[in-house]
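Read through the structure below, which is laid out as structure tokens, and then see the notes.
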DNA sequence: GTCTATAACGGGATAGAC
DNA sequence: GTCTATCCCGTTATAGAC
């Protein structure tokens with residue numbers, strides 16, 4: 371249950387949690403009102419439609435994360451290493467999405483390309499992706515742009531999977547892999563992805 | 371539309387296609403009957419419930435892929451390289467899942483951990499994962515088992531994302547990245563993942 | 001095995017009082 | 001802004017004729 375903040379915020383918080391847990395189609399507006407302790411009509415009053423609610427839930431979290439990515443990238447100096455660029459991209463996702471169910475929420479977004487490629491990806495991610503791909507290209511001058519883009523997608527795949535499976539990864543690894551130490555997880559991921567980026571083209 | 375094979379096969383084929391395109395919750399039994407050209411009651415006759423239909427759709431495709439993975443792994447000889455092991459895992463996914471919408475179907479599975487971790491993952495993937503992780507551990511004797519498992523998950527993430535976003539990746543990269551040359555894509559993915567596996571632990 | 005018809009239910013959205 | 005009550009639609013599943 372969720373009883374902090376105003377009605378609108380409580381709706382967003384509960385939606386975020388439930389969407390992350392069960393997917394967008396898997397959660398009804400009635401599920402949300404029950405969790406948020408608000409009336410069904412309040413959702414339509416504040417957000418008109420379910421689709422608009424979904425967009426509001428996502429946008430509220432994407433922008434701070436991407437803002438932080440820009441900040442970290444710009445704080446790197448003129449000739450950043452691949453490791454630093456990769457970390458600038460991944461750290462905010464683990465930091466800001468680490469609490470609550472934001473991780474699985476973003477995982478749900480990445481898991482629905484057809485649904486979000488126009489509404490979310492092209493709006494919120496495309497400019498950011500271009501910026502990071504450009505910076506990576508400079509740090510990897512021998513790698514063709516096409517190859518950089520592919521590898522950027524590989525990195526996004528690692529991140530999405532981590533966000534989605536974070537909740538069960540400890541269980542299916544018999545307790546060996548824990549998400550608790552986020553800094554260690556980040557460094558582990560950065561090493562893997564950076565090594566991939568720096569590998570020879572053939 | 372789909373008009374080959376018997377009723378049961380047509381239902382499976384259409385389900386596979388539509389589930390891949392729109393997700394399990396996003397497709398109604400009526401969508402399936404319309405595409406398959408069969409009657410609504412035929413689904414209940416052959417599969418009883420929607421959940422059982424989903425499981426049947428998935429199981430029909432998972433086992434041949436995993437069988438091929440075992441075959442490739444066993445064909446490698448006593449001391450395979452990391453590249454060879456990674457390729458043995460990834461190739462069947464791209465080969466057998468390359469046609470139709472099998473790719474996005476498997477992506478949907480990987481995108482729903484809570485739904486499938488018990489029904490699918492633990493049943494079909496767990497033994498396979500253990501086998502591959504063991505083989506990778508032998509090829510990477512200095513890497514702790516925990517680290518091998520983490521990196522195995524990173525690889526799965528790359529694969530899942532590729533399966534899910536394959537359909538839109540060409541569009542969002544302005545035509546630069548194409549899924550058409552599957553062999554090139556496979557080699558590109560193997561290089562990236564193998565480099566990640568072989569990177570130093572810290 | 002395959003159809004029509006329908007039951008039984010839950011979904012999103014809205015009207016209108018307060 | 002928040003409530004109750006309700007509309008209307010699509011959903012899964014089933015009954016029963018053929």
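Residue numbers (this note's numbering), protein chains in the order written: chain A, 371 to 572; chain B, 371 to 572. Glycine residues also receive a C-beta, built at the ideal position from the N, C-alpha and C atoms.
Asked	Found
Would you identify the three-state DSSP class for residue 572(B), choosing helix, strand or coil?	coil
In whole angstroms, give me the CA-to-CA distance for residue 381(A) and residue 408(A).	8 Å
Less than 8 Å between CB atoms is the rule here; does residue 543(A) satisfy it with respect to chain B?	yes
Please tell me whether residue 428(A) has its Cβ less than 8 Å away from any Cβ of chain B.	no
Throw me the rounded Cβ distance for the residue 390(B) and residue 475(B) pair, which I believe falls under 8 Å.	4 Å
Among 410(A), 392(A) and 395(A), which one has its Cα closest to the Cα of residue 378(A)?	410(A)
Is residue 435(B) near residue 466(B), with beta carbons less than 8 Å apart?	yes
Assuming residue 443(B) contacts residue 502(B) under a Cβ cut-off of 8 Å, what Cβ separation, rounded to an integer in Å, is found between them?	7 Å
Quick one: grab the DSSP three-state call for residue 371(A).	coil
Can you find a C-beta in chain A that's less than 8 Å from the C-beta of residue 393(B)?	yes
Based on Cα-Cα distance, which residue from 455(A), 463(A) and 480(A) lies nearest to residue 552(A)?	463(A)
Which stretch, first to last residue, makes up the alpha helix (DSSP H) that contains residue 454(A)?	452–466
In chain order, what residues of the same chain have a beta carbon less than 7 Å from the beta carbon of residue 453(A), not counting five sequence neighbours either side?	560 and 564
Under 8 Å between C-beta atoms, does residue 539(B) make it to chain A?	yes
Does the beta carbon of residue 544(A) fall short of 7 Å from some heavy atom of the ligand PLP?	No copy of the ligand PLP appears in this structure; indeed no ligand is present at all.
If residue 472(A) sits next to residue 439(A), beta carbons under 8 Å apart, how far is it from one beta carbon to the other, in whole angstroms?	Their Cβ separation, rounded to whole angstroms, is 15 Å, which puts residue 472(A) and residue 439(A) out of contact at 8 Å.
By the criterion of Cβ-Cβ separation under 9 Å, what are the contact partners of residue 563(B) in chain A?	524, 562 and 566
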